[in-house]
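Numbering (this note's numbering), first residue to last: 59 to 746.
What follows is the structure, encoded as structure tokens:
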């Protein structure tokens, strides 16, 4: 049967696609939702070196890790990213680079001198930290839908726990790579397993939480949807929700867990359904302590929650988002069954405030909060928890969580560089990866080595005085591996602009009929305010913070990500035309339209324009012949205007020189503008 897809783009925390019918031969049981699940691949292990003797260590994994090992995401169950005993190697440089089969989006881990990592397409590898020699590789199952793997593996004793987007969960012998146990969780895993003192906790995208032994035996299984939301049907079925709710679902029914869980002793902290759930492990079964809601701020609906981590004092730090650019870093503290809430004032954003959202977990030390965000000039900041005082430590934008060593903050940038930032404000050093691809996973550090997972498909291992050459072979992660097929796959059916076509018809007959079911989902470190655009078998999105992302339309597999600075709340859709992508990226400092190669994301040309696109926020250029035509405004803008007619909400703010200034985001039907604002029409040659 021919495939038709409907992509929903409004929700900022993850990408979800629905499809009408299963693939031939696919299991259609109600609980199985993964549209690309094929018969499971047979476990295959390629042994490259002789077996290595296991050194089994007793790890207390909810406390900060020592420099000898980095056994799970951010070093420990708190996800604190702190390694106070680790010092950066002198003159760090490349010791070796290890190739995967796809981009790396999940953080690596290190134990007993071995690196463990999973690439986007689900291949797990083990490599010697000192030499870079690959000891074994293992391909997880699930077919083409097992892609965009973002959950870091975790080490407990001599076992490696691996969750996948294909819904299969593996426990591997970490010395040989052989499968000890395989669990079919029947829905994706986006959250890295969290290792406690004697067990491992894993959360699915559908907000089920399991406690497992080191060998993968299930101890208990808890369900947020049944226990908190109060829904007994198939959570991936629109029919079941409609039957249960009567007319429609609302924000109260939000349930996904797309971000990483963390541990406070025996309490699992779960970001699910826009709430922060505290689930206490009582041994044979869990007990729900509370499902804490974020307080009212620019609305009271359950928000989208992003990066989450905790500190040794039991504070849980949660980045969250409501509506247009509203969010902040919330601090939650559980005491005697009651959660108290506060927030770091200097992190608060809104549609009428300066600053952009952060999407990564924070690191905390000595009352200082270290935080990254995709904002030029504000990439890494230190916030005082008690006063809100802010210090910019590094300007390079990022979506990765920072790692604190004895004297440095280490993080990967959207520009493909690793930044090593002295805590005392000294000179910043950096390492450039080979192909300028973003780094979206946090680093692992151990034994005087730094391991960097990059979206170009390489693991980069840095050591003192490393002088190895950068890899020369482009792994071509950007190539489509699962092309669209069927009678509706031709270019005439492309949804190539926000409103479907140049006539803005919002119409494209695909023969879709309910009930629809989920085809694929992927996590997104940004907010998207337009309909996605399709062309060439790819789907394109533009985040309000400046990322342009291409994925396979069929599977959602990440093809490329590009980022440009100085973009501010740019809600504009890309335009796909003749294997090019045109994207106006607006900001208060400057605005440019960029023409990209749609296949690779490489920029072909850029040209400036003026003004805010707020009058028609999503609308990209139109093309006539070889001219790309676009409309914008002119004049001065700020996050807040100077007169009541010039603002979206809140109170006006006067400019320093008394001039009239327009709010960058204003109401669509605004009839009033400052005198220096004039409608402007631009035309650019599509080739140049």
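No residue lacks a Cβ here, since even glycine has one placed at the ideal position from N, Cα and C.
All values derive from a computational prediction rather than experimental measurement.
Residue closest to residue i, alpha-carbon to alpha-carbon, out of the options
| i | options | result |
| --- | --- | --- |
| residue 145 | 532, 467, 678 | 467 |
| residue 493 | 252, 485, 480, 475 | 475 |
| residue 588 | 598, 224, 664, 580 | 598 |
| residue 288 | 307, 270, 364, 506 | 307 |
| residue 687 | 151, 560, 172 | 560 |
| residue 252 | 235, 219, 567 | 219 |
| residue 395 | 368, 676, 404, 335 | 335 |
| residue 439 | 411, 469, 410 | 469 |
| residue 373 | 195, 387, 609 | 387 |
| residue 172 | 149, 211, 148 | 211 |
| residue 392 | 330, 350, 433, 235 | 350 |
| residue 182 | 140, 233, 135, 329 | 233 |
| residue 264 | 272, 236, 527, 285 | 285 |
| residue 584 | 311, 160, 418 | 418 |
| residue 348 | 389, 397, 377, 342 | 397 |
| residue 760 | 725, 742, 746, 720 | The structure shown does not extend to residue 760, since the chain is modelled only from 59 to 746, so the question has no answer here. |
| residue 375 | 647, 671, 136 | 136 |
| residue 711 | 717, 718, 699, 722 | 699 |
| residue 255 | 134, 678, 311, 371 | 134 |
Chain C within 7 Å of residue i, Cβ atoms only
| i | result |
| --- | --- |
| residue 564 | The structure shown contains no chain C; it holds only a single protein chain. |
Residue i in three-state terms, based on DSSP
| i | result |
| --- | --- |
| residue 469 | strand |
| residue 203 | helix |
| residue 300 | helix |
| residue 704 | helix |
| residue 293 | coil |
| residue 563 | coil |
| residue 278 | strand |
| residue 405 | helix |
| residue 671 | helix |
| residue 316 | coil |
| residue 309 | helix |
| residue 488 | strand |
| residue 746 | coil |
| residue 415 | coil |
| residue 284 | helix |
| residue 188 | coil |
| residue 132 | helix |
| residue 623 | coil |
| residue 243 | coil |
| residue 610 | strand |
| residue 238 | strand |
| residue 361 | coil |
| residue 249 | coil |
| residue 635 | strand |
| residue 496 | coil |
| residue 351 | strand |
| residue 89 | A caution first: residue 89 carries a pLDDT of 37, below 50, which makes its placement in the model too unreliable to give a value. |
| residue 678 | coil |
Per DSSP, cross-strand counterpart(s) of residue i
| i | result |
| --- | --- |
| residue 154 | 519 |
| residue 741 | 687 |
| residue 388 | 376, 401 |
| residue 502 | 509 |
| residue 221 | 227 |
| residue 183 | 175, 195 |
| residue 356 | Answer is none; residue 356 lacks a bridge partner. |
| residue 366 | 376 |
| residue 605 | 621 |
| residue 145 | Answer is none; residue 145 lacks a bridge partner. |
| residue 255 | DSSP lists no partner for residue 255. |
heavy atom of the ligand NAP below 6 Å from residue i C-beta
| i | result |
| --- | --- |
| residue 147 | Among the components of this structure there are no ligands whatsoever, and the ligand NAP is therefore not found. |
- Task: Decide yes or no for the touch test of the region 515–530 against the region 610–624: beta carbon pairs closer than 8 Å, at least 3 of them.
- Result: The answer is no - the region 610–624 does not touch the region 515–530, with fewer than three Cβ pairs under 8 Å.
- Task: Go through the region 419–468 residue by residue and report every complete run of the beta strand (DSSP E) that reaches 3 residues or more, in order.
- Result: Taken in chain order, the complete beta strand (DSSP E) segments of 3 or more residues contained in the region 419–468 are 421–423, 426–430, 438–442, 448–452.
- Does the count of Cβ pairs from the region 689–705 and the region 653–660 closer than 8 Å reach three? The region 689–705 makes no contact with the region 653–660; the number of CB pairs closer than 8 Å stays below 3.
- Message: Counting beta carbon pairs with one atom in the region 299–306 and one in the region 268–287, are three or more of them shorter than 8 Å?
- Response: With the cut-off at 8 Å, the region 268–287 and the region 299–306 do not touch.
- Query: Which ranges does the beta strand (DSSP E) cover as unbroken runs of at least 3 residues, wholly within the region 521–603, from first to last along the chain?
  - Reply: Inside the region 521–603, DSSP marks whole beta strand (DSSP E) runs of 3 or more residues at positions 575–581, 591–593, 596–600, from first to last along the chain.
- Hey, which unbroken runs of the beta strand (DSSP E) at 3 residues or more fall wholly within the region 681–738? Taken in chain order, the whole beta strand (DSSP E) runs of length 3 or more contained in the region 681–738 are 685–690.
- Task: Check whether the region 237–245 touches the region 528–535, taking contact to mean three or more Cβ pairs, one atom from each stretch, closer than 8 Å.
- Result: Because the criterion of three Cβ pairs below 8 Å is not met, the region 237–245 and the region 528–535 do not touch.
- Query: Below 8 Å, can you find three or more Cβ-Cβ pairs linking the region 150–166 to the region 190–201?
  - Reply: When Cβ pairs closer than 8 Å are counted between the two stretches, the region 150–166 is seen to touch the region 190–201, the count reaching three or more.
- Task: Specify whether the region 600–615 and the region 631–650 touch according to this definition: at least 3 beta carbon pairs, one from each stretch, less than 8 Å apart.
- Result: Touching, yes.
- Please confirm if the region 128–141 is in contact with the region 308–315, defined as three or more CB-CB distances below 8 Å between the two stretches. Too few Cβ pairs lie closer than 8 Å, so no.
- Message: I'd like to know if the region 421–431 and the region 445–465 are in contact, where contact means that at least 3 CB-CB pairs between them fall below 8 Å.
- Response: Yes, since at least three Cβ pairs between the region 421–431 and the region 445–465 fall closer than 8 Å, the two stretches touch.
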